[in-house]
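Heads up: the structure comes next, in structure tokens.
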Amino acid sequence: MNFTQKLYQWQDLINQSLDQCLPGPEVRPAQLHQAMRHSLQAGGKRLRPILVLAAHELFSSTRDPLPAALAIECIHTYSLIHDDLPAMDDSDLRRGLPTCHKAFDEATAILAGDALQPLAFEIISRSYSNEPSIALELVSILSRTAGSQRLVGGQMQDLLSEGMTPSEEALLFIHANKTAAMIQASLLLGFRLGSMGEDADKLQLMAQAGESLGLAFQAVDDLLDVTRSTEDLGKDASHDEASGKVTWVTHVGLEKAQALASDHTDNAARFVKEVGGGNSFLLELLSHMLKRET
Ligand code: GRG
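Take a look at the structure:
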């Protein structure tokens, strides 16, 4: 199977499995479950869950990485629903569909995001209950990543910096936490479930790979925001500029942002190679993420 076939196969697996782990659309309160399904099933690239599976494949084990992959997608989708709310980015379009608060209403969108968070932890605790210490470690990685010093902290700092010119240090803080933290956690969850998951040195290298990949991902995101249309992206294009956000493009210009994306990707690949193992899919995924068009 070549890279693209495997990518699509994993995307399909993730989409079907997400469908199964959500309460049905008729389950009371139906409006809440329909809203969760609306956002979670709207598609999306599923990069974070795919990174979990790819990191597990480096030193694969009999443990199933899929539940951890679904859990991180639940947290990611909650963050998108809340990021789109009028009090935050106030976006109308996400994953090619009306955002959750547009398709339903604001209160329902807040609750749908709220409900996706505990669902992530429920999936992990249920799926790895035969190995409580592993379950605990995964919960610890995911809860720290989603918390006030990482995902939510990065988002807060981003909102506080709107309309200002943050320092490069502040911009790095925002991106390392708002974006890179979840990408880093994806690699850590997958690797931790593998047969070398207890190797502290390799785990540290995976953390470095995740940080670099996350920073590359954000630089590419900033570039796509100015070079692609709303139709291409399935979300509002030129949104960063319109909302007064400082991005790598506004901060250093298009060419340097491109160079940053490619340097961070090279660094990520270097760390992944140092970890070793069956890394051919993961390495190809890194270059695919650099060249992505949505
Ligand atoms: C509200 C706690 C909270 C956090 C919001 C996700 C996020 C943090 C902000 C979204 C704004 C944004 C464009 C961030 C840049 C990187 C990013 C997380 C993009 C969205 O991820 P993709 O491109 O989306 O992987 P899909 O839809 O493919 O899953």
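The numbering of the sequence shown is numbering that gives the first Met the number 0, which starts it at 0 and goes up by one. For every residue, glycine included, the Cβ atom is placed at its ideal position computed from N, Cα and C.
K272 has its Cβ no nearer than 7 Å to any heavy atom of ligand 1. Note on geometry: alpha-carbon atoms of A29 and H100 lie some 16 Å from one another.
Taking S211 as the centre and dropping the five residues before and after it, the same chain places the C-beta of H263, N266, A267 and F270 closer than 7 Å to its C-beta, in chain order. Between G276 and F58 a beta carbon distance of about 5 Å is seen, short of the 8 Å cut, so the two are scored as contacting. Taking 7 Å as the cut-off, one finds no heavy atom of ligand 1 near enough to the beta carbon of T246. When DSSP reads this structure, R93 sits in a beta bridge with L96.
Note on L115: 16 or more other CB atoms within 10 angstroms of its CB, so buried under the neighbour-count rule. Annotation: the continuous alpha helix (DSSP H) that includes K272 extends over L253 to V274. Leaving aside the five residues that flank Y77 on each side, the residues in its chain whose CB is nearer than 7 Å to its CB run, in chain order, G112, L115 and Q116.
Each of N278, K272 and Y7 was checked against the Cα of L204, and the nearest Cα belongs to K272. The beta carbon of S78 sits closer than 7 Å to at least one heavy atom of ligand 1.
Ligand 1 approaches K177 closely enough that one of its heavy atoms is under 7 Å from the residue's Cβ. Here Q4 is exposed. Its C-beta has fewer than 16 other C-beta atoms within 10 Å. Remark: the C-beta of D82 is in contact range of ligand 1, defined as less than 7 Å to any heavy atom. For I71, the closest C-alpha among the options Y127, D104, A206 and L186 is that of L186. Taking C-beta atoms as the reference points, I80 and S126 fail to come closer than 8 Å. Note that the region 85-101 does not touch the region 13-32; fewer than 3 beta-carbon pairs, one per stretch, sit closer than 8 Å. Going by DSSP, H174 is part of no alpha helix (DSSP H) at all; its letter is neither H nor E.
In this structure, ligand 1 has no non-hydrogen atom nearer than 7 Å to the beta-carbon of R149.
Sorting V51, L284, S237 and V219 by C-alpha distance to the C-alpha of H174 places V219 at the top.
Remark: the shortest separation between the CB of K44 and any heavy atom of ligand 1 falls under 7 Å. Per DSSP, reduced to three states, the secondary structure at V248 is helical.
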